[in-house]
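Going left to right, the sequence shown walks through residues 459 to 1115 as our numbering numbers them.
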Amino acid sequence: MAFCSALLNGRFCSSRLSPLISERSLATSHHAAWYKESLEHPEEFWGRLARERLRWMKPFTNVMDCSLKDGHFRWFEGGKLNMSDNCLDRIVEKDPDRLALIWEKDEPGQQEYITYQELKNLTCRVANTLKSQGVKKGDVVAIYMPVSLEAAAVMLACTRIGAVHSVVFAGFSPTALKNRILDASAETVITTDEGVRGGKTIPLKQTVDAAVSDCPCVKRVLVATRTGADVAMKDGRDYKLDELMKGESPECPPEPMDSEDPLFMLYTSGSTGKPKGILHAHAGYMLYSGLTQQYVFDYKVGDIFACVADIGWITGHSHALYGPLINGGTSVLFESLPIYPDPGRYWEMVQRLKVTQIYLAPTSLRLLLKAGDSYVKKYDRSTLRTLGCVGEPLNDEAWRWYHKVVGEERCTVVDTWWQTETGGIMIAPRPSSSDSTPKAGYPMSPFFGIDPVLLDNNGKEITGNDVSGNLCIRNPWPSIARTIYGDHEKFLNTYFTNYPGYYFTGDGAYRDKDGHYKITGRIDDVINVKGHRIGTAEIESALDHDSRVAESAVVGYPHEIFGEGIYAYVILKDGVTDNEDDIKKDLVQLVKSQIGSFAAPQFILITPGLPKTRSGKIMRRILRKISANETEELGDITTLADPSVVETILTKHDSTT
Ligand code: 6R9
459 MAFCSALLNG RFCSSRLSPL ISERSLATSH HAAWYKESLE HPEEFWGRLA RERLRWMKPF
519 TNVMDCSLKD GHFRWFEGGK LNMSDNCLDR IVEKDPDRLA LIWEKDEPGQ QEYITYQELK
579 NLTCRVANTL KSQGVKKGDV VAIYMPVSLE AAAVMLACTR IGAVHSVVFA GFSPTALKNR
639 ILDASAETVI TTDEGVRGGK TIPLKQTVDA AVSDCPCVKR VLVATRTGAD VAMKDGRDYK
699 LDELMKGESP ECPPEPMDSE DPLFMLYTSG STGKPKGILH AHAGYMLYSG LTQQYVFDYK
759 VGDIFACVAD IGWITGHSHA LYGPLINGGT SVLFESLPIY PDPGRYWEMV QRLKVTQIYL
819 APTSLRLLLK AGDSYVKKYD RSTLRTLGCV GEPLNDEAWR WYHKVVGEER CTVVDTWWQT
879 ETGGIMIAPR PSSSDSTPKA GYPMSPFFGI DPVLLDNNGK EITGNDVSGN LCIRNPWPSI
939 ARTIYGDHEK FLNTYFTNYP GYYFTGDGAY RDKDGHYKIT GRIDDVINVK GHRIGTAEIE
999 SALDHDSRVA ESAVVGYPHE IFGEGIYAYV ILKDGVTDNE DDIKKDLVQL VKSQIGSFAA
1059 PQFILITPGL PKTRSGKIMR RILRKISANE TEELGDITTL ADPSVVETIL TKHDSTT
C-alpha cells in the first residue's frame, strides 16, 4: 500500500486549511453561555449543533425524545446520515490531500501516513469486500485487530455499509474473544496475521482460530497482513483481506443510516461476571464525540492529535478515530508501548511527528515518572499544547509531573472523566474556558449539556460544595449508550433503577468548595487496573474454573503504577494437597487464558475461609483493608459468622507480602 508523505513535504502544516465547521468561535465567556444554554434549552442547543456540525442525507424532525426514568433515548429522529460520509467524503470533497492518520508503528521511528482521499479509497475497498462477502446492514462484525491503518479502515467500512462493529481488544484471550463473538452472534471476524508490540510478535490469527472453533455462528474470518507470517487458513472460512480487496472498487456509496441505527458495540466489565455489550447509536455519538474532541483538547485545523489508547477501548474509538476525523483532523494511531524501546518513546514521537495534543493513561505517566525526567527533556516538546489523560484517577504527583516536566508549565493538563457507556467525555477542563488553569487531580467541570449530581446512598441529592457522593447525571445527552446488546433489562437495572430519574455512573466523586469535581473511584465491584475495567466477579468466575478451587473473592488494592492491583483470596476444596505455589501459578495462567494477561492477579492468598456475615455475604470491605495493608483499621468484625478467619488471613497475608 502506498501512503502519502504529506507531512514530510510540509503541505499539511500550511495555513491554507480552513475549518470545516462554520461555528462561532468560543471565547472564554462563551463557554459559560453555551453551558447555560445547553442545560436550559437542550433542544435548541443540540438541534443547532447537529445541523451545523454534521452532514445529513435527510434532515431530522425531532431533536430528542428521552427519559432517564425509563432508560429511553432517541436523538435526531427522522434524520439520515452516515458516519464514514461525515468522517471522510465531507473532507475529501474540500481537501483530499489533507492528512487523516499517521500510524506510529511499533518499530521505533517508523510511521506511515494516509490522506483523507487514500483513507476513503481504502475504506470503500474494505466496504465493498464486506458486501461481496455477504455482510449486510445491521450485521455485527467482530474486529480483533491491533492499531493500524487497516483496522481504522475496517471500522469505517462497517459504518459505511451500516454493519455494527464490535472491536475486541487484541490482548483478550481466546475465551474472552469467543464469549464476545457468541454474545453478539457475529458471523464475520476480522483479524491480523500477527500483532507486533514492544518488538515481540503476538499470534493473533492463532487466538482467533482457538476462539472461533467454538463459535458456530462464525461464517468467515478475514485476515489482514501485518508481519506476513505464514498462518493457518481454514478452507471456506478464512480469507486474506488483501487478496479479497484486490478486485474491489475504491467507490462505495455510504448507506443512509437512521440517526438511531446502531453504530457499534463495545464490551465492558461491570459488577456481574458477564461483560456487557454497550451499544451506541449513529447520530448522537457522532455529534458528541466530535464536539468533545474539539473543545476539550482545543483542537484546531492543522493539529496533530495523538491518542495513544488502543482501538479496543472507547477512548480509541472516540479519540484515535472518530472524534479527530469528524473534525477533519489528523490523528496518530499508536501501535507500541510507552517504554519501548525506552521510556522516551512518547516524547521522541512528539518531536518527530510534531504532536500538538497527547492523550494517555495515568498508569503510563506513573511509569514514565519513575524512569526520570531525562527521557522527557531529551526531546523537543514545543509543539505540545494540551496534555490529556483518561481511564482512572490521576494522582497529584503524576499530574504535577505531567504539567511541569512534560508540559513545561505551558500546556493545559486535561484530566477527562467518562465511560464506555457515556460515549464521550463528561467532565473535563476546557482549555479555552476559565478552566484553562485546572487543579491537580481534578477533571473539573461538566461538558456542555451535562448536569452531574452527587447522591447519597438513599438517592437524596447532596447539595452545596465541599461534599462527596455517588456520581449520577441528571439529564440525557446525545451519546449515552442505548442498551446492552441483547439484555435491555440489565441496561435498565445497572444504570437507571438504583436512582430513578438519574444515570448512575458507578463512580464516587468529590465536589470542592469551588464546585469542581474530583473522581474518587468506583463504588461497585469493579477494579481499574492500568485504566482497564475488570469486574471482580469476572476474575472470580475464571478462578472457579480450576477444579481445586472451592470459592474465591477478588478485591482491588492501591498499586503505585497500575492505580489498582488485583488481590485474589482463594479457598481450596477439602483434600487438595498440591503445592500452593504451583496452584498459584496455575491460577494466574488460568485468568490469563480466560480473560487476558492484564486481568492476572498480582497476589493470590490461599486461605481456609473468607470473612462472611451470618447470612453468608463476603465482607469485601475487610478484604480490601487487608489487601491495602490497612490492617489497623478493620472496623467491627464481631458481626462475622466466624471472626477468627480474619486472624488466619492476616497472619498469612503478613507472611506472604
Ligand atoms: C473512558 C474510559 C470508565 C471508568 C470510570 C472511572 C474510570 C475514567 C477517569 C476515571 C478517574 C478519570 N475513569 N476516567 N476515573 N478519573 N479521569 O476510561 O472508559 O473503560 O469504560 O472506564 O474508568 O471509574 O467509571 P471505561
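Glycine is no exception: its CB is placed at the ideal position from the N, C-alpha and C atoms.
Which residue wins for smallest C-alpha separation from L745, given the options W561, Y960, S937?
Within the sequence shown, residue 745 is the residue found at index 287, counting from 1. Residue S937 holds the alpha-carbon nearest to the alpha-carbon of L745 among W561, Y960, S937.
Relative to the C-alpha of P711, which candidate in D761, K658, T581 has its C-alpha closest?
As a first step, residue 711 must be located in the sequence shown, where it is residue number 253. Per the Cα distances, T581.
Suppose you measure from the CA of H1003 to the CA of V790; what does that come to, to the nearest Å?
Reading the sequence shown from its first residue, position 545 is the one you call residue 1003. Reading the sequence shown from its first residue, position 332 is the one you call residue 790. Going by the C-alpha atoms only, they are around 40 Å apart.
D716 vs V681 beta-carbon contact at 9 Å:
Against the sequence shown, residue 716 aligns to sequence position 258. Against the sequence shown, residue 681 aligns to sequence position 223. Taking a C-beta distance under 9 Å as the contact criterion, D716 and V681 do not qualify as a contact pair.
Taking 8 Å as the cut-off, is the CB of G770 close to at least one heavy atom of ligand 1?
The residue labelled residue 770 in the question sits at position 312 within the sequence shown. Result no, Cβ not under 8 Å from ligand 1.
Ligand 1 heavy atom lying under 8 Å from the CB of C847:
For the purposes of this step, residue 847 is taken as the residue at position 389 of the sequence shown. In this structure, the C-beta of C847 approaches ligand 1 to less than 8 Å from one of its heavy atoms.
Helix or strand or just coil, what does DSSP make of T665?
Within the sequence shown, residue 665 is the residue found at index 207, counting from 1. Helix at T665.
Taking the C-alpha atoms as reference points, what is the distance between W504 and V1103?
By one-based count along the sequence shown, residue 504 stands at place 46. By one-based count along the sequence shown, residue 1103 stands at place 645. Straight across, the Cα-Cα distance linking W504 with V1103 is about 57 Å.
Under 6 Å Cβ to Cβ from Y1015, same chain only, skipping five residues before and after it: list those, please.
Counted from its first residue, the sequence shown places residue 1015 at position 557. Cβ neighbours of Y1015 beyond the five flanking positions: G1023, Y1025, S1085, A1086.
What distance in whole Å lies between the Cβ atoms of D756 and S840, which are believed to be in contact at a cut-off of 8 Å?
Here residue 840 corresponds to residue number 382 of the sequence shown, with the count starting at 1. Here residue 756 corresponds to residue number 298 of the sequence shown, with the count starting at 1. No, S840 and D756 are not in contact; Cβ-Cβ is about 16 Å, not under 8 Å.
Nearest to K732 by alpha carbon, out of I1062, A1000, G781?
Your numbering for residue 732 matches position 274 in the sequence shown. Selected option, being the one with the closest Cα: A1000.
Does ligand 1 have even one heavy atom less than 8 Å from the beta-carbon of T870?
Taking the first residue of the sequence shown as position 1, residue 870 is located at position 412. Incorrect: T870 has no Cβ contact closer than 8 Å to ligand 1.
Identify the continuous alpha helix (DSSP H) that holds I784 and give its terminal residues.
The residue given as residue 784 occupies position 326 in the sequence shown. Segment 781-784, the alpha helix (DSSP H) holding I784.
Determine the burial state of W561: buried for a count of at least 16 other Cβ atoms within 10 Å of its Cβ, exposed for fewer.
Along the sequence shown, read from residue 1 onward, the residue named residue 561 stands at position 103. The residue in question, W561, is buried, as its Cβ has 16 or more Cβ neighbours within 10 Å.
Nearest neighbour of H530, chosen from Y725, T941, K552 [CA to CA]:
For this step, residue 530 is matched to residue 72 along the sequence shown. Distance check between H530 and each of Y725, T941, K552 places T941 closest, using alpha-carbon atoms only.
Can you say whether E1090 is buried or exposed, counting buried as having 16 or more other CB atoms within 10 angstroms of its CB?
Indexing the sequence shown from 1 puts residue 1090 at position 632. Counting the other Cβ atoms within 10 Å of the Cβ of E1090 gives fewer than 16, which makes it exposed.
Could you tell me how far apart the beta carbons of A610 and V647 are, in whole angstroms, since I believe they sit closer than 8 Å?
If you number the sequence shown from 1, residue 610 lands on position 152. If you number the sequence shown from 1, residue 647 lands on position 189. That pair is no contact at about 17 Å.
What distance in whole Å lies between the Cβ atoms of K663 and I619, which are believed to be in contact at a cut-off of 8 Å?
Your numbering for residue 619 matches position 161 in the sequence shown. Your numbering for residue 663 matches position 205 in the sequence shown. Contact between I619 and K663 does not hold, since their C-beta atoms are separated by about 24 Å, which reaches or exceeds 8 Å.
For I977, which beta-bridge partners are listed by DSSP?
As a first step, residue 977 must be located in the sequence shown, where it is residue number 519. Per DSSP, A967.
Which residues share a DSSP beta bridge with S525?
Within the sequence shown, numbered from 1, the residue matching residue 525 stands at position 67. In the DSSP output, where bridge partners are listed per residue, S525 has H530.
Neighbourhood of I992 by C-beta distance below 6 Å, restricted to the same chain and skipping five residues each side
Counting from 1 along the sequence shown, the entry for residue 992 is found at position 534. Spatial neighbours of I992 in its own chain (CB-CB distance under 6 Å, excluding positions within 5 residues in sequence) are listed in chain order as S727, I985, A1057.
Ordered along the chain, which non-local residues of its own chain (more than five positions away) have a Cβ less than 8 Å from that of E866?
Translated into positions along the sequence shown, residue 866 becomes position 408. The residues are R839.
Determine the burial state of S903: buried for a count of at least 16 other Cβ atoms within 10 Å of its Cβ, exposed for fewer.
Here residue 903 refers to the residue found at position 445 of the sequence shown. By the neighbour-count rule (16 or more Cβ atoms within 10 Å), S903 is buried.
Where does the unbroken beta strand (DSSP E) through P632 begin, and where does it stop?
Translated into positions along the sequence shown, residue 632 becomes position 174. Per DSSP, P632 belongs to no beta strand (DSSP E); it is in the alpha helix (DSSP H), 632-642.
Quick one: what's P820 bridged to in DSSP?
Numbered from its first residue, the sequence shown carries residue 820 at position 362. DSSP output for P820 lists no bridge partner at all.
For K976, does the count of other Cβ atoms within 10 angstroms reach 16, so buried, or fall short, so exposed?
Taking the sequence shown and counting its residues from 1, one reaches residue 976 at position 518. It counts as buried.
How about K636 and A668: do their beta carbons lie closer than 9 Å?
Taking the sequence shown and counting its residues from 1, the one referred to as residue 636 is at position 178. Taking the sequence shown and counting its residues from 1, the one referred to as residue 668 is at position 210. Yes.
Does the beta-carbon of N915 have 16 or more other beta-carbons within 10 angstroms, so that it is buried, or is it exposed?
Against the sequence shown, residue 915 aligns to sequence position 457. Answer is exposed; the Cβ neighbour count stays below 16.
When DSSP labels each residue in this structure, what does S483 get in the three-state scheme?
The sequence position of residue 483 within the sequence shown is 25, counting from 1. The predicted model places S483 with a pLDDT of 49, which falls under 50 and marks its position as unreliable; any figure quoted below should be read in that light. Correct three-state label for S483: coil.
Beta-carbon proximity of T665 to Y602, cut-off 9 Å
Working through the sequence shown from its first residue, we reach residue 665 at position 207. Working through the sequence shown from its first residue, we reach residue 602 at position 144. For T665 and Y602, yes; Cβs fall inside 9 Å.
Could you name the residues that DSSP lists as bridge partners for T1097?
To locate residue 1097, count along the sequence shown from 1; it is residue 639. T1097 is not bridged to any residue.
I'd like to check one pair, T1096 with P1066: are the Cβ atoms closer than 9 Å?
Here residue 1066 refers to the residue found at position 608 of the sequence shown. Here residue 1096 refers to the residue found at position 638 of the sequence shown. P1066 is not a Cβ neighbour of T1096, given a cutoff of 9 Å.
Judging by CA-CA distance, which residue of S822, L1108, G802 is the nearest neighbour of P566?
Your numbering for residue 566 matches position 108 in the sequence shown. When only C-alpha atoms are compared, the closest one is G802.
Spatial neighbours of R858 within its chain, please: CB distance less than 6 Å, with the 5 preceding and 5 following residues excluded, ordered by chain position.
Here residue 858 corresponds to residue number 400 of the sequence shown, with the count starting at 1. Excluding positions up to five away in sequence, the list reads A898.
Keeping to the same chain, check which residues put their C-beta closer than 6 Å to that of F534; ignore five residues upstream and five downstream.
Translated into positions along the sequence shown, residue 534 becomes position 76. The answer, listed in chain order, is A508, F518, S717, A741.
Where D1112 sits in the DSSP three-state scheme
The count along the sequence shown starts at 1 and reaches residue 1112 at position 654. Here DSSP, grouped into helix, strand and coil, assigns D1112 to helix.
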